Amino acid sequence: MQRTFALNIQQPRPPVATPNDLAAYWMPFTANRAFKRAPRMLAGAKDMHYFTTDGRSIIDAAAGMWCSNAGHGRSQITEAIAKQAANLDFAPPFQFGHPQAFELASRIAALAPDGLDHVFFCNSGSEAVDTALKVAIAYHATCGNAERTRLIGRERGYHGVGFGGISVGGMVNNRKLFGGMLTGVDHLPTIYVRDKQAFTKGEPEWGAHLADELERIVGIHGASTIAAVIVEPMAGSTGVLVTPKGYLERLRAICDKHGILLIFDEVITGYGRLGYAFAAERYGVMPDMITFAKGITNGAVPMGGVLIRDAIHDAFMKGPEHMVELFHGYTYSAHPLACAAGLATLDLYREEGLFERARKLEPLFADAVMALKNEPNVVDIRTVGITAGIDLAAKDNSPGLRGFEALNSAFHHHDLMLRVAGDTLALTPPLIVSEAQIGEIMDKVAKVIRSVA
Ligand SMILES: Cc1ncc(COP(=O)(O)O)c(C=O)c1O
Numbered sequence: 121m122q123r124t125f126a127l128n129i130q131q132p133r134p135p136v137a138t139p140n141d142l143a144a145y146w147m148p149f150t151a152n153r154a155f156k157r158a159p160r161m162l163a164g165a166k167d168m169h170y171f172t173t174d175g176r177s178i179i180d181a182a183a184g185m186w187c188s189n190a191g192h193g194r195s196q197i198t199e200a201i202a203k204q205a206a207n208l209d210f211a212p213p214f215q216f217g218h219p220q221a222f223e224l225a226s227r228i229a230a231l232a233p234d235g236l237d238h239v240f241f242c243n244s245g246s247e248a249v250d251t252a253l254k255v256a257i258a259y260h261a262t263c264g265n266a267e268r269t270r271l272i273g274r275e276r277g278y279h280g281v282g283f284g285g286i287s288v289g290g291m292v293n294n295r296k297l298f299g300g301m302l303t304g305v306d307h308l309p310t311i312y313v314r315d316k317q318a319f320t321k322g323e324p325e326w327g328a329h330l331a332d333e334l335e336r337i338v339g340i341h342g343a344s345t346i347a348a349v350i351v352e353p354m355a356g357s358t359g360v361l362v363t364p365k366g367y368l369e370r371l372r373a374i375c376d377k378h379g380i381l382l383i384f385d386e387v388i389t390g391y392g393r394l395g396y397a398f399a400a401e402r403y404g405v406m407p408d409m410i411t412f413a414k415g416i417t418n419g420a421v422p423m424g425g426v427l428i429r430d431a432i433h434d435a436f437m438k439g440p441e442h443m444v445e446l447f448h449g450y451t452y453s454a455h456p457l458a459c460a461a462g463l464a465t466l467d468l469y470r471e472e473g474l475f476e477r478a479r480k481l482e483p484l485f486a487d488a489v490m491a492l493k494n495e496p497n498v499v500d501i502r503t504v505g506i507t508a509g510i511d512l513a514a515k516d517n518s519p520g521l522r523g524f525e526a527l528n529s530a531f532h533h534h535d536l537m538l539r540v541a542g543d544t545l546a547l548t549p550p551l552i553v554s555e556a557q558i559g560e561i562m563d564k565v566a567k568v569i570r571s572v573a
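Under my numbering, think of the first position of the sequence shown as 121, with each following residue one higher.
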């Protein structure tokens, strides 16, 4: 049944107290001192809105953090979590199971391209990435190719914060203080070249050839040393970098030629962001593994996972049957609360047709964002699915300052939640966003951009 997507700012709000001591909590990926001087404090959320501790209603143009694709406080999900907590609060995932874990794995496999039929659960995108990288290396070893250990990421890629993820990732601030990281890692060049791609709606025409750089890397190291390539079909965290037309097909072909596994990191693009269950479907390219997290539970309970191609899974299913096949897993893999949230979330996505809805809204969303082109300091806009990146020129030779001011201006003065990556504003609202709310968000974004001119 289709819901109506009315503005819902009259919800009762929970009574909240603003804490008077902010010192103890060292916040992740946050300018802690600046935050604690002017906190952006959230107390509640419903549908398209957050509610602040000082009683304001803030429209969410970020789906929380690319997570809440069905909007916030969805009772179907929260009730499923509560019921599950009362019934089975925890089940050890090593050597024991519970029905919801198997059901959820089957439901996720059914959404994925045929042949990606096995799911390994963990608790976050970072764990999903580390899991996929480990499975890739272990798979080659299992097949007698133990020298295939090298991993290839990409400049400006983000794959979370585990040592595996930052090693294949390509964001300098996430890497430079953390030592040598994994050895045997190389990087493809970024897919974003502003001169050739600026102000493109959807996938840029220019850039498919950048995939050929994999041949150059093979030429340096030898294909027989390379286990896997990992890329995001849309790089969200580095500012919404959209994959050029034809790029993924070329990467797939080169991987096939050399026996290299291809991993799509779909932690952001999974579950509807680009109008399909997975971006692999949008692009018609079949990877060997897909990592996911965020949208699988609508953000309501931490969960991540890896979809794994049958041949890879099956390669491990040999040896004595009493033996563990893969020495890997987490205490909270397939946690009952996460599985309950995941099942309820997939129901909601299906019942409300949210992936199709995203597909339908995409042109309108892209036009609305592109209309901000002539606002001050806008140097590029990129759009894909229900996501856009707006690059602002750096202020006072201080990269990130204008973006940070925009984040604050949006929250404190324009009742808008944005995501910011450096000086890029990322817009990625829940997929329930109405046409009117898209207009409202763009009006607010325009005001924010002017306020930091
Ligand atoms: C593509 C991608 N991979 C991995 C991650 C890491 O996920 P998490 O923060 O859940 O560890 C993210 C987070 O934004 C991501 O965008």
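Heads up, the beta-carbon is just placed ideally off N, CA and C, and yes, glycines get one too. If you're wondering where the values come from, they're calculated on a predicted model, not measured in any experiment.
What's the gap between the Cα of residue i and the Cα of residue j?
| i | j | result |
| --- | --- | --- |
| residue 238 | residue 246 | 19 Å |
| residue 515 | residue 374 | 41 Å |
| residue 520 | residue 261 | 43 Å |
| residue 434 | residue 341 | 28 Å |
| residue 304 | residue 331 | 20 Å |
| residue 167 | residue 179 | 9 Å |
| residue 407 | residue 352 | 11 Å |
| residue 548 | residue 512 | 17 Å |
| residue 188 | residue 418 | 4 Å |
| residue 394 | residue 378 | 29 Å |
| residue 186 | residue 388 | 6 Å |
| residue 563 | residue 220 | 43 Å |
| residue 448 | residue 214 | 10 Å |
| residue 197 | residue 175 | 25 Å |
| residue 287 | residue 177 | 39 Å |
| residue 256 | residue 323 | 29 Å |
Return the chain-ordered list of same chain residues with a C-beta closer than 7 Å to the C-beta of residue i, the five sequence neighbours on each side being excluded.
| i | result |
| --- | --- |
| residue 355 | 276, 277, 278, 361 |
| residue 284 | 249, 250, 253, 302 |
| residue 161 | 138, 172, 173 |
| residue 343 | 378, 379, 380 |
| residue 459 | 220, 221, 224 |
| residue 500 | 314, 318, 319, 511 |
If distances are taken between C-alpha atoms only, which option among the options comes closest to residue i?
| i | options | result |
| --- | --- | --- |
| residue 415 | 166, 463, 330 | 463 |
| residue 258 | 437, 337, 391, 163 | 437 |
| residue 336 | 348, 308, 321 | 308 |
| residue 481 | 353, 339, 314, 551 | 551 |
| residue 508 | 280, 244, 357, 230 | 357 |
| residue 536 | 559, 147, 542 | 559 |
| residue 524 | 571, 486, 385 | 571 |
| residue 158 | 183, 140, 293, 290 | 140 |
Using the beta-carbon count (16 or more within 10 Å), is residue i buried or exposed?
| i | result |
| --- | --- |
| residue 298 | exposed |
| residue 441 | exposed |
| residue 61 | Because the chain here runs from 121 to 573, residue 61 falls outside it and cannot be looked at. |
| residue 518 | exposed |
| residue 425 | buried |
| residue 217 | exposed |
| residue 145 | exposed |
| residue 207 | exposed |
| residue 83 | This structure leaves residue 83 out entirely; the chain is present only between 121 and 573. |
| residue 192 | buried |
| residue 573 | exposed |
| residue 150 | exposed |
| residue 212 | exposed |
| residue 430 | exposed |
| residue 453 | buried |
| residue 556 | exposed |
| residue 364 | buried |
| residue 210 | exposed |
For residue i, collect the residues of the same chain with a Cβ closer than 8 Å to its Cβ; drop the 5 residues on either side in sequence, then sort them by chain order.
| i | result |
| --- | --- |
| residue 566 | 492, 495 |
| residue 490 | 319, 321, 501, 503 |
Go through its chain and collect everything with a Cβ distance to residue i's Cβ below 6 Å, but skip five positions before and after it.
| i | result |
| --- | --- |
| residue 390 | 398, 412, 415 |
| residue 370 | 328, 331 |
| residue 125 | In this prediction, residue 125 scores a pLDDT of 41, lower than 50, which makes its location untrustworthy; no coordinate-derived value is stated. |
| residue 466 | 227 |
Ligand 3 heavy atoms versus the CB of residue i: any closer than 7 Å?
| i | result |
| --- | --- |
| residue 325 | No copy of ligand 3 appears in this structure; the ligands present are ligand 1. |
Check your understanding: At what residue ranges does the segment 163-208 contain a whole run of the beta strand (DSSP E), taking only runs of 3 or more?
Key -> 169-172, 177-180
Review point. Which residue spans inside the segment 328-416 form an unbroken beta strand (DSSP E) run of at least 3?
Key: 346-351, 381-385, 409-412
**Study point:** Unbroken stretches of the alpha helix (DSSP H), 4 residues or longer, contained in the segment 425-477
**Key:** 430-436, 456-471
Exercise for review: Jot down the residue ranges of each uninterrupted alpha helix (DSSP H) in the segment 482-554, minimum 4 residues, whole runs only, in chain order.
Suggested key: 521-528
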